[in-house]
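Notes to accompany the following structure.
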Amino acid sequence: MTGENFVGDIDMSASFTDHKKEEEQLAKLAAIVQSSEDAIVSKTLTGIVTSWNNAAERMFGYTAEEMIGQPITRIIPAERLEEEPIILGKIARGERVEHFETKRVRKDGILLDISLTISPVKDRSGNIIGVSKIARNITEQKKAAMQIREREELFRMAVESTRLGSWEYSLSTQRFVWSEESRNIWGLPADLLIDRHLLENMIHPEDRDHLLTYIRQALIDADGSNYMIEFRISRFLDGELCWIKLQGKCFYGSGNYESRFIGTMLDITEEKQAKEEMEKTIRQRTQELLKINERLEKSNLALEQFAYIASHDLQEPLRKIRTFSELIREHLDDPQKVEHYFSKISASAERMSRLITGILNYSRLSQLDPFQKTDLGNVLKSVLQEYDLLIEQKNAVVKCGQLPAIMGIRSQLEQLFRNLIGNSLKFCNKAPEINITAAIATPESLPASLQPSSQKFTAITLQDNGIGFEQRYAEQIFHIFKRLDTGSQYVGTGIGLALCKKIVENHMGAITALGRKGEGAIFVIYLPCT
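Going by numbering that gives the first Met the number 0, the sequence shown opens with residue 0, and the numbers climb by one from there.
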């Protein structure tokens, strides 16, 4: 073997070895292509398919024999055909197309969502001779993404329809992310940066400590529980008081996932106001029912007292009239006795008339006229003018301080003073002395029936030096037809003080009495201030 031949043999051997390795690499590459889960297709620059792997067969439903030599447009929907020349143009310029999302059609007509990566194929000299496509079926991913978007849209619509705001707080960055509705609830402009200091200052002072303690505890617990709390804020833009219902849940992350506190908020101001109005209405109705019950009890008591009077006080004058009538019949021949018996009948009839008048006056007090501003000083002056003659006859001294104006019924207030002053002038065994004063009552001085109360009351005191009464009768003297044993020299029906009590109660007030037998009495009238 000559030297030249030896060199030639070596060149041929090397060439054969290189060719063998190239074939092995190509075979290995072909095996990879065939076993790939992605469809791998090659085609000419004119779009004719030159290779079609197993995954492409599964994905598109065409076998390699059906597709090789056919235009790639066979699997492109009609509305997507304009994409192919654009892609081929980029490849011809040596560009690579990555993750191009489009649609392709299977042999059975089903549309697929596809992600394409497209690369130019070059020869040994670097010339572009074809196109390689890797197609991945992303139909299920697209469906899942669409479902997520639909759910998000449904959630967004639900949130907007309920005026529900959403929020998120990052524990690591202390950054807030609020929805538009959340900002609207707090009155925060869209471009205003939200931080803890800003929010804490907007929380109502009475709710701030409780809310912050609640949130800190929620972050410490970290047990995945849902948290809910209600509190008040002053809105940023207008300072309006607003009730917030906040719900949240803490998620503690690991690795690349940060820990977050997320939740929702709702403006419940109208709900709170409605609840307060309802509770206020319930309280008012309860008070009204209590007052109705109280009036019923008083009516029942009045009926019992009236039944007693009907069977006793009203019957007593009638019995006398019948008795003296019989005596007249028996003594018709004795003019002197007849005259005496007639005078007795007249006195009994007069007493019965007074009783009936008193009952009518008492019953009329249930018919209330509208309240008007009434000057008690003028009322008292008018009543004293009625008693001018009696005051002069009794040598009475009446001293009056300044009395206020109140909301009331003038005719009833005149009757109130008329009865009290009339009693002081009548039930007295010496020159009457009457002293009338007024002052604002202290809360502790109010009688039990007016406590507790935020209403201010005027206390009008009438003090006299009359016959008085024993203090143990201080309540009984206000019962209708109740007369103490004052002897025959003092004429009365036992209705006057009962009228006074009813008049004062009609004016949402109270009346008390303090007496000592033989020394006089003190009456205190409590009436609401205007």
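Ideal Cβ positions, reconstructed from N, Cα and C, are used throughout, including at glycine.
Check: Does the Cβ of Pro-84 have 16 or more other Cβ atoms within 10 Å, making it buried, or fewer, making it exposed?
Finding: By 1-based counting over the sequence shown, the position of residue 84 is 85. Classification of Pro-84: exposed, given that the 10 Å Cβ count is below 16.
Check: Roughly how many whole angstroms lie between the Cα atoms of Glu-180 and Phe-250?
Finding: Position 181 of the sequence shown, counted from the first residue, corresponds to residue 180. Position 251 of the sequence shown, counted from the first residue, corresponds to residue 250. In a straight line, the C-alpha of Glu-180 is about 23 Å away from that of Phe-250.
Quiz item: With 16 as the cutoff for other CB atoms within 10 Å, does Leu-549 come out buried or exposed?
Solution: One cannot answer for residue 549 here, as it falls past the ends of the chain, which runs 0 to 529.
query = With which residues is Glu-100 paired in a DSSP beta bridge?
reply = Here residue 100 corresponds to residue number 101 of the sequence shown, with the count starting at 1. Glu-100 pairs with Ser-114.
Review point. If we call anything under 8 Å between Cβ atoms a contact, is Ile-502 one with Leu-513?
Key: For the purposes of this step, residue 502 is taken as the residue at position 503 of the sequence shown. For the purposes of this step, residue 513 is taken as the residue at position 514 of the sequence shown. No, these two residues do not count as a Cβ contact at 8 Å.
- Message: Which residue wins for smallest C-alpha separation from Glu-100, given the options Gly-108, Ala-91 and Asp-112?
- Response: Numbered from 1 along the sequence shown, position 101 holds the residue referred to as residue 100. For Glu-100, the nearest C-alpha among the options comes from Asp-112.
Compute the Euclidean distance between the alpha carbons of Ile-459 and Ile-267, then round it to the nearest angstrom. Within the sequence shown, residue 459 is the residue found at index 460, counting from 1. Within the sequence shown, residue 267 is the residue found at index 268, counting from 1. Distance between the alpha carbons of Ile-459 and Ile-267: 48 Å.
Shortest alpha-carbon distance to Lys-455 belongs to which of Ser-444, Leu-461, Gln-462 and Asn-464? Mapped onto the sequence shown, residue 455 falls at position 456. Between Lys-455 and the set Ser-444, Leu-461, Gln-462 and Asn-464, the nearest pair of CA atoms involves Ser-444.
* What do you reckon, are the CB atoms on Ile-67 and Asn-52 nearer than 8 Å? -> Against the sequence shown, residue 67 aligns to sequence position 68. Against the sequence shown, residue 52 aligns to sequence position 53. Contact flag unset, no.
Exercise. Compute the Euclidean distance between the alpha carbons of Leu-198 and Lys-141, then round it to the nearest angstrom.
Key: Taking the first residue of the sequence shown as position 1, residue 198 is located at position 199. Taking the first residue of the sequence shown as position 1, residue 141 is located at position 142. In this model, Leu-198 and Lys-141 are separated by some 40 Å (Cα to Cα).
Which partner residues of Val-130 appear in the DSSP bridge assignment?
Reading the sequence shown from its first residue, position 131 is the one you call residue 130. BP columns for Val-130 point to Lys-42 and Pro-119.
Quiz item: Three-state secondary structure (DSSP) at Tyr-489?
Solution: Within the sequence shown, residue 489 is the residue found at index 490, counting from 1. At Tyr-489 the pLDDT is 46, less than 50, meaning the model places this residue with poor confidence and gives no usable figure here.
For Asp-484, which three-state DSSP category applies?
What you label residue 484 is simply residue 485 of the sequence shown in a count that begins at 1. Confidence at Asp-484 is low in this model, with a pLDDT of 48, below 50, so its placement is unreliable and the value that follows should be read with caution. Of the three classes helix, strand and coil, the one that applies to Asp-484 here is coil, per DSSP.
Pull up the CB-CB distance for Ile-232 and Met-201, whole angstroms please, since I reckon it's below 8 Å.
Sequence index remark: in the sequence shown, residue 232 carries index 233 (1-based). Sequence index remark: in the sequence shown, residue 201 carries index 202 (1-based). Ile-232 to Met-201, Cβ: 5 Å. Contact.
task: Name the one or two DSSP bridge partners that Met-406 has.
output: Mapped onto the sequence shown, residue 406 falls at position 407. Lys-372, per the DSSP bridge assignment.
Apply the 10 Å Cβ neighbour rule to Gly-517 and answer buried if 16 or more other Cβ atoms are within range, or exposed otherwise. For the purposes of this step, residue 517 is identified with residue 518 of the sequence shown, where counting begins at 1. Exposed, because fewer than 16 other Cβ atoms sit within 10 Å of the Cβ of Gly-517.
Problem set entry | C-beta atoms of Asn-428 and Leu-496 nearer than 8 Å | In the sequence shown, counting from the first residue as 1, residue 428 sits at position 429. In the sequence shown, counting from the first residue as 1, residue 496 sits at position 497. In this structure, Leu-496 does not lie closer than 8 Å to Asn-428 by Cβ.
When you measure from the CB of Lys-336 to every non-hydrogen atom of the ligand ADP, does any distance come out below 7 Å? As for the ligand ADP, it is missing from this structure, which has no ligand bound.
Is Val-397 closer than 8 Å to Leu-383 when the C-beta atoms are compared? Here residue 383 is taken as the residue at index 384 of the sequence shown, counted from 1. Here residue 397 is taken as the residue at index 398 of the sequence shown, counted from 1. Yes; because the gap between Cβ atoms is below 8 Å, this pair is in contact.
Fill in: Residue of Ser-169, Thr-285 and Gly-46 minimising C-alpha distance to Gly-129
In the sequence shown, the residue the question calls residue 129 occupies position 130. Nearest option by C-alpha distance: Gly-46.
TODO: Counting only the same chain and skipping the five closest in sequence on each side, list residues whose C-beta sits under 6 Å from that of Gly-508.
DONE: Stepping through the sequence shown from its first residue, residue 508 is reached at position 509. Tyr-525 and Leu-526, listed in sequence order.
Taking the continuous beta strand (DSSP E) assigned at Asp-463, which residues delimit it?
On the sequence shown, position 464 is the one that residue 463 refers to. It spans 456-463 - the beta strand (DSSP E) in which Asp-463 sits, taken as one unbroken run.
- Answer with buried or exposed for Gly-247, where buried requires no fewer than 16 other C-beta atoms within 10 angstroms of its C-beta. Within the sequence shown, the letter at position 248 stands for residue 247. By the 10 Å Cβ count, Gly-247 comes out buried.
Taking the alpha-carbon of Ile-466 as reference, which of Gln-414, Ile-435 and Phe-426 has the nearest alpha-carbon?
The residue labelled residue 466 in the question sits at position 467 within the sequence shown. Taking only the C-alpha atoms, the option nearest Ile-466 is Phe-426.
**Request:** State buried or exposed for Cys-241, treating a residue as buried only when at least 16 other CB atoms are found within 10 Å of its CB.
**Result:** Numbered from 1 along the sequence shown, position 242 holds the residue referred to as residue 241. So Cys-241 counts as buried.
- Task: Taking the CB atoms as reference points, tell me whether Gln-411 and Asn-505 lie closer together than 8 Å.
- Result: Here residue 411 refers to the residue found at position 412 of the sequence shown. Here residue 505 refers to the residue found at position 506 of the sequence shown. Going by C-beta atoms, Gln-411 is nearer than 8 Å to Asn-505.
Original post:
To the nearest angstrom, how far is it from the Cα of Leu-163 to the Cα of Lys-102?
Top reply: Against the sequence shown, residue 163 aligns to sequence position 164. Against the sequence shown, residue 102 aligns to sequence position 103. Going by the C-alpha atoms only, they are around 38 Å apart.
**Q.** Selection from Ala-430, Ser-342, Ser-448 and Val-523 that minimises the alpha carbon distance to Leu-415
**A.** In the sequence shown, the residue the question calls residue 415 occupies position 416. Looking at the Cα atoms, Val-523 is the closest of the given residues.
Practice problem: From the DSSP output, read off the bridge partner residues of Val-534. | Solution: Any property of residue 534 remains undetermined from this structure, which presents the chain solely from 0 to 529.
Report the residue from Gly-262, Val-104, Glu-149 and Thr-511 whose alpha carbon sits nearest the alpha carbon of Asn-136.
-> Against the sequence shown, residue 136 aligns to sequence position 137. Checked all of Gly-262, Val-104, Glu-149 and Thr-511; the closest Cα to Asn-136 is Val-104.
Using a Cβ-Cβ cutoff of less than 6 Å, which residues in the same chain neighbour Asp-208 once the five nearest sequence positions on both sides are dropped? As a first step, residue 208 must be located in the sequence shown, where it is residue number 209. Cβ neighbours of Asp-208 beyond the five flanking positions: none.
Exercise. Tell me, please, which residues DSSP counts as bridged to Pro-70.
Key: For the purposes of this step, residue 70 is taken as the residue at position 71 of the sequence shown. Pro-70 is bridged to Ile-47.
Mapping the DSSP letters down to three states, classify Glu-180 as helix, strand or coil.
To locate residue 180, count along the sequence shown from 1; it is residue 181. In the structure shown, Glu-180 adopts helical secondary structure according to DSSP, grouped into three states.
Here's the rule: buried if 16 or more other CB atoms are within 10 angstroms of the residue's CB, otherwise exposed. What is Met-264? As a first step, residue 264 is located in the sequence shown; it is residue number 265 there, counting from the start. Buried.
Just to confirm my understanding: we take Asn-434, look at its own chain, exclude 5 residues before and 5 after, and list those with CB closer than 6 Å. What are they?
Working through the sequence shown from its first residue, we reach residue 434 at position 435. Around Asn-434: Lys-398 and Gln-462.
Distance check for Leu-498 and Tyr-489, CA to CA, integer angstroms please.
Residue mapping note: residue 489 aligns to position 490 of the sequence shown, counting from 1. Residue mapping note: residue 498 aligns to position 499 of the sequence shown, counting from 1. The predicted position of Tyr-489 is uncertain, since its pLDDT is 46 and thus under 50; a value taken from the coordinates is nonetheless stated next. Spanning the two alpha carbons is a distance of roughly 19 Å.
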